[in-house]
Structure formats: C-alpha cells, structure tokens
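K.L.:
Going by this note's numbering, the sequence shown wraps up at 398, each residue one higher than the last.
Just passing along the structure, written as structure tokens.
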Amino acid sequence: MEKKNKNTLSKPTLPQEIYAQILVKLPIKDILRYRRVSRLWRSIIDDPHFKSMHLKNIQNKQNESHLLAFEPHERRSTKQLCTIRRANTFRKVCNDLGIKIDRHTHYQAMGYVNGVLCLNRYTSKTDLDRFFLWNPSIKKGLEVPLPELAKTRGTYFEVDCALGYDPITNDFKIVSSLHLKYGSHLPTYVEIFTLSKNSWKSIPMNIGPCYWYKNTSKVYLNGVIYWMGIDHMKTTPKGKFPHMVSFDVNNEVINYINLPNCELINDYEHERFPIILNGSIALMEIFHVFTNIWVMKDSFWSKKYTFNLQLIDHKFLHLKNDGKLLFIGEKGGVYSYNIESEEHEVIAKSYKITPLLIGVYVESFMLLDGVDDHILFNLPPSDRVGVDWNVPIANLL
Numbered sequence: 002m003e004k005k006n007k008n009t010l011s012k013p014t015l016p017q018e019i020y021a022q023i024l025v026k027l028p029i030k031d032i033l034r035y036r037r038v039s040r041l042w043r044s045i046i047d048d049p050h051f052k053s054m055h056l057k058n059i060q061n062k063q064n065e066s067h068l069l070a071f072e073p074h075e076r077r078s079t080k081q082l083c084t085i086r087r088a089n090t091f092r093k094v095c096n097d098l099g100i101k102i103d104r105h106t107h108y109q110a111m112g113y114v115n116g117v118l119c120l121n122r123y124t125s126k127t128d129l130d131r132f133f134l135w136n137p138s139i140k141k142g143l144e145v146p147l148p149e150l151a152k153t154r155g156t157y158f159e160v161d162c163a164l165g166y167d168p169i170t171n172d173f174k175i176v177s178s179l180h181l182k183y184g185s186h187l188p189t190y191v192e193i194f195t196l197s198k199n200s201w202k203s204i205p206m207n208i209g210p211c212y213w214y215k216n217t218s219k220v221y222l223n224g225v226i227y228w229m230g231i232d233h234m235k236t237t238p239k240g241k242f243p244h245m246v247s248f249d250v251n252n253e254v255i256n257y258i259n260l261p262n263c264e265l266i267n268d269y270e271h272e273r274f275p276i277i278l279n280g281s282i283a284l285m286e287i288f289h290v291f292t293n294i295w296v297m298k299d300s301f302w303s304k305k306y307t308f309n310l311q312l313i314d315h316k317f318l319h320l321k322n323d324g325k326l327l328f329i330g331e332k333g334g335v336y337s338y339n340i341e342s343e344e345h346e347v348i349a350k351s352y353k354i355t356p357l358l359i360g361v362y363v364e365s366f367m368l369l370d371g372v373d374d375h376i377l378f379n380l381p382p383s384d385r386v387g388v389d390w391n392v393p394i395a396n397l398l
C-alpha cells in the first residue's frame, strides 16, 4: 500500500469563531499570552466583538469566588492599595496589582465597574490632584482630565463622583458633583465625563426638593448608578432619607426614587444604602436590633428580609447571591451571616482592616488598547514604589 507523503497533508484549521469560543473561556492572563502566539490569534482577541463576548461571558457566570478590596493605608507606608481576596475565607490570594502608594499622596476609590476601578488622587486632604481609570487584571490604566469643578480647590468644597458603564455604546462615564464641604448636600455643579470623547460636560439638574447625599456608597446595575438622597427640610429619619438618586449612564438623566418608610420613626441612629440582590436593586436598612432588606421590582418596593443582626456598630462589606452577608465585627475580623438561616460564622478572625470599597473581582479587557486622545500606561511592577504616569505604553511593550 502506498504511503501518503506527510508533507502533502494539510494542517487542520478551525473557523475563527471556534477559536474565539475556546479563548473566551480562559483566564485573562492566558489569553494575553496567547495573543502573542500568532497574528491570527491576536486579531481574534483584539476584535471588539471578542472583548464584548468575554465581558458577557463573565457577567453570565456571576462568579463571586473572589473580591477586590480597596484597603486603607498608613500615611508613611508603601503598602499596596488593592488586594484580591477569597469570598468564602477572605484570605488574600493576590496583592501584586501593579500599583503602590507613595508617602505624599492618598487615593479614594470611587467605583469598580466591569473590572475597571475609578481612583481619585489627592496631594492633601482637600487638594484633588488627578482622576484615573485602572484595570487591575491587566495592570493598565489611563489618566482622566480634571473636570472644571475639581479646579475649585480649597477647604470649602469637595468633589464626589461615581463610575458607570453604558452597555449600549460600550463606554465608561463618570458623574461628578461639587458640594460645599460643611454646608448643604445640594450639589452646586454636576459634570459628566465620557471616556470615548475624553471630555467633560455639564448637565442640567432637576433637583426640586431633593438633595444628594455626598460621599455615600454607590452601586452600578444594568447601566444605572444608584446612591442615597437626603432632605434637610425633614427632621425625622422617616423624611431624612426619603429617596434614592439614579443616573442613567446612556441618556445621562438624573431621577429620584421614593423609598419605603422607616420602621422606627424615632430611631435616629440607623443606616440606609443601596445594594444589589440577585440582579435587582435593593435597599438595606440597618437599625440597632434588626436589619431590613427591601427589593424594588416594577417601580415598587417590597420587604424581602428582616433578620436580627445588629449591624449598626459594624461595617457591611458585601451581600453574596447565595444570601451570605459579609461584615466587619466590632473588634475586627470578618463574619459571614446567612440571611436565610440566620446562622453566622467567623471567616477571618485576624483581619483588622476596614476596606473602603469591596467589589466582585472581574477580569476584563477594558482599557487594553487605550482610547483615542489618551495615553495608556502600564503600571510598574510590585517592587517599585510610586507610579510613573509619564511613560507612554509604546515604551513599555
């Protein structure tokens, strides 16, 4: 029988769609490594459709195995600002996220959306120096130009902002507001930053009787940012936090959502803030002896849970989709509380830090190739202190 010449056999090939379906399921560090294998694989990975498919794949998995913690630091230390921790044990699995602090500045984390962290850098307690968008999973970021409102410096004003993502245009936006530091919560000026345009613009404010509650927790869900409102004209807790502010990232419209009445009208020491529960916007209401969770569907609030957990003296961290609530104990340590069975356990007894921001860790390609009119930066390796933000990406590849 005549043997076939091996040189005449053609190499097996697969359609690009099959390659994309295989690559999209891999960890991002492997995808970036395979990006250097061939021009074909690089073109597949760099395709905007592949990046969108990768993001949708992550969102559909709803994987909460790891959390990104933005943690405070001592003024003179060079500890890293962010760590990745296991959600079930809170053990640190990675802190080499590519950025370290220096002793002359401090940072505020203003939001974490689709794997991108929004950071404000201050050279003093009140002097806002720069805005950054940073993707820890690929260790790349870019500087955002300061808005006009941030140029109003001094001890009398402070800037509050939130990060959102427009799923229709695949674009990041930042909503920023200027407030009197020791006065009303009413914002005096509001600007919107659009990443693809690299520019800020002011928007009209239809405030009415409603005020914004500055420096409060914000959540992003399905193209909308939510945070608390406040009404100084009301003196009772029932009227003090009567609404939630929502910002539609696509049409850039600010709306106000009425909240359910408080249970205890005379209980002044309580907390209310937005959370996400199983894909829906929810409200957590904390009193001295119990906690409520309300869920909004079809513009109506319904009370979903009431449990006997005294969170008023603790720090809420995160509510997982499986119903386990993570919080910091009064004397430190991380606790897990099941809101269904009302059972709790200590998962990290020695943890003594209070994170400033907690989010589900997401690996994404956002900011991989930069944006027009921006200079993209690789953040330095972990053995260097400080961030050299003046090195173009072309010099680092």
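Note that beta-carbon positions come from the ideal geometry of N, C-alpha and C, so glycine has one too.
Between the alpha carbons of residue 252 and residue 173, how many angstroms are there, rounded?
P.N.:
By one-based count along the sequence shown, residue 252 stands at place 251. By one-based count along the sequence shown, residue 173 stands at place 172. Roughly 13 Å separates the two Cα atoms.
K.L.:
Is there a C-beta anywhere in chain D that falls below 7 Å from the one on residue 310?
P.N.:
The displayed structure is made up of one protein chain only, and chain D is not part of it.
K.L.:
Apply the 10 Å Cβ neighbour rule to residue 280 and answer buried if 16 or more other Cβ atoms are within range, or exposed otherwise.
P.N.:
In the sequence shown, counting from the first residue as 1, residue 280 sits at position 279. Classification for residue 280: exposed.
K.L.:
Within this structure, are the beta carbons of residue 192 and residue 203 separated by less than 7 Å?
P.N.:
Here residue 192 refers to the residue found at position 191 of the sequence shown. Here residue 203 refers to the residue found at position 202 of the sequence shown. The answer is yes: Cβ separation under 7 Å.
K.L.:
Report the option in 171, 164, 170, 169 whose CA atom is closest to the CA atom of residue 177.
P.N.:
Counting from 1 along the sequence shown, the entry for residue 177 is found at position 176. Comparing Cα-Cα distances from residue 177 to each of 171, 164, 170, 169, the minimum goes to 164.
K.L.:
Starting from the C-beta of residue 20, find all residues in its chain whose C-beta is less than 8 Å away, skip the five residues before and the five after it, and write them out in chain order.
P.N.:
The residue you call residue 20 lines up with position 19 of the sequence shown. Closer than 8 Å at the Cβ level, and outside the excluded window around residue 20, lie 41, 42, 45.
K.L.:
Let me check one thing: in DSSP terms, what residues is residue 86 bridge-paired to?
P.N.:
Sequence index remark: in the sequence shown, residue 86 carries index 85 (1-based). Bridge partners of residue 86: 68, 93.
K.L.:
Is it buried or exposed for residue 292, if we count other Cβ within 10 angstroms and need 16 for buried?
P.N.:
Within the sequence shown, numbered from 1, the residue matching residue 292 stands at position 291. Buried, because 16 or more other Cβ atoms sit within 10 Å of the Cβ of residue 292.
K.L.:
Which same chain residues, not among the five before or five after residue 308, have their C-beta less than 7 Å away from its C-beta?
P.N.:
For the purposes of this step, residue 308 is taken as residue 307 along the sequence shown, with counting starting at 1. Cβ neighbours of residue 308 beyond the five flanking positions: 291, 292, 340, 343.
K.L.:
Please state whether DSSP places residue 401 in a helix, a strand or coil.
P.N.:
The question about residue 401 has no answer, for the chain in this structure spans 2 to 398.
K.L.:
Would you check if there are 3 or more beta carbon pairs closer than 8 Å linking the segment 281-289 to the segment 313-321?
P.N.:
Contact between the segment 281-289 and the segment 313-321 is present, because at least three Cβ pairs lie under 8 Å.
K.L.:
Run through DSSP, which three-state label would residue 61 get?
P.N.:
Position 60 of the sequence shown, counting from 1, holds the residue named residue 61. Of the three classes helix, strand and coil, the one that applies to residue 61 here is helix, per DSSP.
K.L.:
Count the other C-beta atoms from every protein chain shown that fall within 10 angstroms of the C-beta of residue 38, then say buried if there are 16 or more, exposed otherwise.
P.N.:
What you label residue 38 is simply residue 37 of the sequence shown in a count that begins at 1. So residue 38 counts as exposed.
K.L.:
CB-CB under 6 Å to residue 249, same chain, minus the five flanking residues each way: which ones, in chain order?
P.N.:
Working through the sequence shown from its first residue, we reach residue 249 at position 248. Excluding residues within five positions, the ones whose Cβ falls inside 6 Å are 225.
K.L.:
Rounded to whole angstroms, what's the CA-CA distance from residue 150 to residue 161? Just pull it up for me.
P.N.:
Numbered from its first residue, the sequence shown carries residue 150 at position 149. Numbered from its first residue, the sequence shown carries residue 161 at position 160. Roughly 10 Å between the two C-alpha positions.
K.L.:
Please report how far the alpha carbon of residue 110 lies from the alpha carbon of residue 119, in whole angstroms.
P.N.:
As a working note, residue 110 is residue 109 in the sequence shown. As a working note, residue 119 is residue 118 in the sequence shown. Taking the straight line from one Cα to the other gives about 6 Å.
K.L.:
According to DSSP, is residue 53 part of a helix, a strand, or is it coil?
P.N.:
The sequence position of residue 53 within the sequence shown is 52, counting from 1. It is helical.
K.L.:
Taking only the alpha-carbon atoms, compute the straight-line gap between residue 59 and residue 179 and give it to the nearest angstrom.
P.N.:
As a working note, residue 59 is residue 58 in the sequence shown. As a working note, residue 179 is residue 178 in the sequence shown. About 35 Å.
K.L.:
Under 6 Å Cβ to Cβ from residue 31, same chain only, skipping five residues before and after it: list those, please.
P.N.:
Locating residue 31 in the sequence shown gives position 30, where the first residue counts as 1. Correct list: empty, nothing qualifies.
K.L.:
Among 299, 305, 148, 67, which residue has its Cα nearest to the Cα of residue 278?
P.N.:
Numbered from its first residue, the sequence shown carries residue 278 at position 277. For residue 278, the nearest C-alpha among the options comes from 305.
K.L.:
Output the residue ranges of the alpha helix (DSSP H) runs that lie fully inside the segment 299-355 and measure 4 residues or longer, sorted by chain position.
P.N.:
Runs of the alpha helix (DSSP H) inside the segment 299-355: none found.
K.L.:
Under three-state DSSP, which class holds residue 222?
P.N.:
Residue mapping note: residue 222 aligns to position 221 of the sequence shown, counting from 1. Strand.
K.L.:
Does DSSP put residue 35 in a helix, in a strand, or in coil?
P.N.:
Against the sequence shown, residue 35 aligns to sequence position 34. Correct three-state label for residue 35: helix.
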